[in-house]
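*Asks:*
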Amino acid sequence: MPSARHVSPDEIRKGFSKAMSDMYREEVPLYGALMELVAETNARVLETDLALAQQLHRTGEIQRLDMERHGAIRLGTAEELATIRRLFAVMGMQPVGYYDLTPAGVPVHSTAFRAVHESALQASPFRVFTSLLRLELIENLELRAFAQAALANRSIFTPGALALIEQSEKDGGLNAADAEAFIQHALETFRWHHTATVSAAQYQQLSDQHRLIADVVAFKGPHINHLTPRTLDIDQVQTAMPGKGITPKAVIEGPPRRQCPILLRQTSFKALDEAIAFTDAKGSHSARFGEIEQRGVALTPKGRALYDELLNAARDELGAFPTEANARRYTALMEQHFQAFPDDHRQMREQELAFFRYFVTDKGLAARGRADLPRTLGALIETGHVDVEPLVYEDFLPVSAAGIFQSNLGDAAQSHYAANSNQVEFEKALGRRTIDELKLYGETQQRSIMECAQALGLPALA
Ligand code: OOG
Ligand code: NI
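Under the numbering used here, think of the first position of the sequence shown as 4, with each following residue one higher.
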């Protein structure tokens, strides 16, 4: 049973996110440079865009902005995935969504571990995009067996981490000292290793199959491969990156620039080439990169279907993978196709394209319980008793994720897999079902409506 002497999982997650960021900044100085650039840009945007500043104050996002980041890891076995699920559960993170990357030629499927309730997200929105390698896609059976053996030989968790996970499961939480120890132990799983567990030739063989396979199989653990701060204006950061010695990828992934941002836009800089000692020789490996993201409103199934349709139409018309060479045309096509997506919160709400949160205004509070209060949400908004704000998207996008993977693997690494999506297999490895993110957004929206009704002294609102 959780008890008063236990630290809240939200606090552990917050502490872990900070510890991870400190470790990564130390290991990858460019991440520090990017963080500074994002902080400068965010400060400027908040000074100039007062409506946005007000929106972020109302939703509370302003308080989480500076600590907001996501990371990514790639795991090798079902057992690793099941244990990481337990590790993240200690800090209140659950697997949300299923992403199949094989259509894009990346031999993994993934989920995102994150907090699921708006109050927990407010305390710390830290997320980890977690991929599981699909070894069954290695056609060379000898190489597949080698990879399996290499993975079977490693243990990516410290004994201390495993003991504290068990203790937390048994007792329903950790006290302050154990929580601190847990953070330090858990961090070890994500650390970079300068030595590989395979020879240079074995590494080459794995890499020839797919660079991602080498990245997972050749090392002692699933090093965090990027950590992504959230910016309020990704185009400004993208433009300013070269001035800081950072070269961004050619196109920003996700929707085009809009007045009312939707879902998620992302850009990254290429993975660094880092010196590695193989068991028999010196060499190098590139895996770690930098990324930034801008988050917009979460879309309903209807909005998401429209997003997917417009994205596919633009990509079909481009007729190729977006690259440096066709970046301008891609941007133009995206802007053109997305004309069909209303760029106005009111229209998005009325057409049920996006999720929103509702807040009682001061006027509404003052009118609490009055008999002449309107009885519908729409009318309460019209009369200024209720305000509406976009509900931020907390998840990822499979096409964007594939673009981020690809930009770091090089075009040569593009492969085609016949295998289909296998959510059942993934969840079997995970040891539980993944949570449907659309359900979470719907619940948060509904809770905000119920809170409004309560604050206004009204029965349920339509
Ligand atoms: C994960 C790439 C996906 C994102 O932000 O979409 C991702 C990886 O490279 O392991 O992080
Ligand atoms: Ni990412």
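All C-beta atoms in this analysis are idealised placements derived from N, C-alpha and C, irrespective of residue type, glycine included.
1. Would you tell me roughly how many angstroms separate the C-alpha atoms of A22 and F185, rounded to the nearest one?
2. Determine the direct distance from the alpha carbon of Y361 to that of M453, and round the result to whole angstroms.
3. State the start and end residues of the unbroken alpha helix (DSSP H) segment that holds K431.
4. From L215, G95, A92 and R352, pick the residue whose C-alpha is nearest to that of S134; which is it?
5. Could you check where the alpha helix (DSSP H) with K173 kicks off and where it finishes?
6. For the alpha helix (DSSP H) that R378 lies in, which residues bound it at each end?
7. Report yes or no: do the segment 332-352 and the segment 37-47 share at least 3 C-beta pairs separated by less than 8 Å?
8. According to DSSP, is A415 part of a helix, a strand, or is it coil?
9. I'd like to confirm the pairing. Which residues does DSSP put opposite G293 in its beta bridges?
10. Which two residues bound the contiguous alpha helix (DSSP H) that contains P32?
11. Look at the alpha carbon of L433 and the alpha carbon of R137, and state the distance between them as a whole number of angstroms.
12. Measure the alpha-carbon distance for A150 versus I265 and round it to whole angstroms.
13. May I ask whether a heavy atom of the ligand NI can be found less than 7 Å away from the beta carbon of T105?
14. Could you spell out the range, first to last residue, of the alpha helix (DSSP H) harbouring H196?
15. With contact counted as at least three CB pairs below 8 Å, one residue from each stretch, are the segment 278-290 and the segment 256-264 in contact?
16. What's the C-alpha gap between A416 and H213?
17. What span of residues does the beta strand (DSSP E) with Q262 cover, start to end?
18. From the DSSP output, read off the bridge partner residues of T114.
19. How many Å lie between A290 and P225 at the Cα?
20. For A278, which residues in the same chain have their Cβ closer than 6 Å to its Cβ, ignoring the five residues on either side in sequence?
21. Helix, strand or coil for S202? Go by DSSP, reduced to three states.
22. Given that a residue counts as buried once 16 or more other Cβ atoms are within 10 Å of its Cβ, and exposed if not, what is V220?
23. Give a yes or no on whether the C-beta atoms belonging to A253 and V201 are separated by under 8 Å.
24. Note down, in chain order, each residue of its chain lying with its Cβ closer than 6 Å to the Cβ of V48, except the 5 sequence neighbours on either side.
25. One question on the structure: do V395 and R298 come within less than 8 Å of each other, judged by their Cβ atoms?
26. Consult DSSP for G299 and reduce its assignment to one of helix, strand or coil.
27. Please determine whether the Cβ atom of E294 lies at a distance below 7 Å from any heavy atom of the ligand NI.
28. Taking 8 Å as the cut-off, decide whether the C-beta atoms of H229 and G108 are in contact.
29. Could you give the first and the last residue of the continuous beta strand (DSSP E) run that contains A75?
30. Under 8 Å, with one C-beta from each stretch per pair, do the segment 83-92 and the segment 51-66 reach the 3-pair mark?
*Replies:* Taking the structure as given:
1. Distance between the alpha carbons of A22 and F185 is about 11 Å.
2. Here the alpha carbons of Y361 and M453 stand approximately 9 Å from one another.
3. That run of the alpha helix (DSSP H) goes Q426 to L433.
4. When only C-alpha atoms are compared, the closest one is L215.
5. Element bounds for K173: P162 to D174.
6. For R378, there is no enclosing alpha helix (DSSP H), since its DSSP letter is neither H nor E.
7. No contact exists between the segment 332-352 and the segment 37-47.
8. Only weak support is given to the placement of A415: the predicted model assigns it a pLDDT of 46, under 50, and the question is left unresolved by the model.
9. Partner(s): F272.
10. First-last of the alpha helix (DSSP H) with P32: P32 to T51.
11. Using only the alpha carbons, I get a separation of about 13 Å.
12. Within the model, the alpha-carbon separation for A150 versus I265 is close to 40 Å.
13. The answer is no for T105.
14. Secondary structure note for H196: it is in no alpha helix (DSSP H), with a DSSP letter that is neither H nor E.
15. Contact fails: fewer than three Cβ-Cβ distances are below 8 Å.
16. Low confidence applies here, because A416 scores a pLDDT of 47, under 50, leaving its location unreliable; read the following figure in that light. Approximately 6 Å between the Cα atoms of the pair.
17. In the DSSP assignment, Q262 falls outside any beta strand (DSSP E) and carries neither an H nor an E.
18. Paired residue(s): T133.
19. Answer to the nearest angstrom: the Cα atoms are 11 Å apart.
20. Within the same chain, A278 has close Cβ partners S287.
21. Correct three-state label for S202: coil.
22. Around the beta-carbon of V220, 16 or more other beta-carbon atoms lie within 10 Å, marking it buried.
23. It is not a contact, given that the beta carbons lie outside the stated cut-off.
24. Answer for V48: L235 and D236, listed in chain order.
25. The answer is yes: Cβ separation under 8 Å.
26. Coil, per DSSP.
27. The ligand NI has a heavy atom closer than 7 Å to the beta-carbon of E294.
28. At the C-beta level, H229 and G108 stay beyond 8 Å of one another.
29. Its beta strand (DSSP E) spans residues R72 to L78.
30. Fewer than three pairs of CB atoms, one per stretch, sit closer than 8 Å, so the segment 83-92 makes no contact with the segment 51-66.
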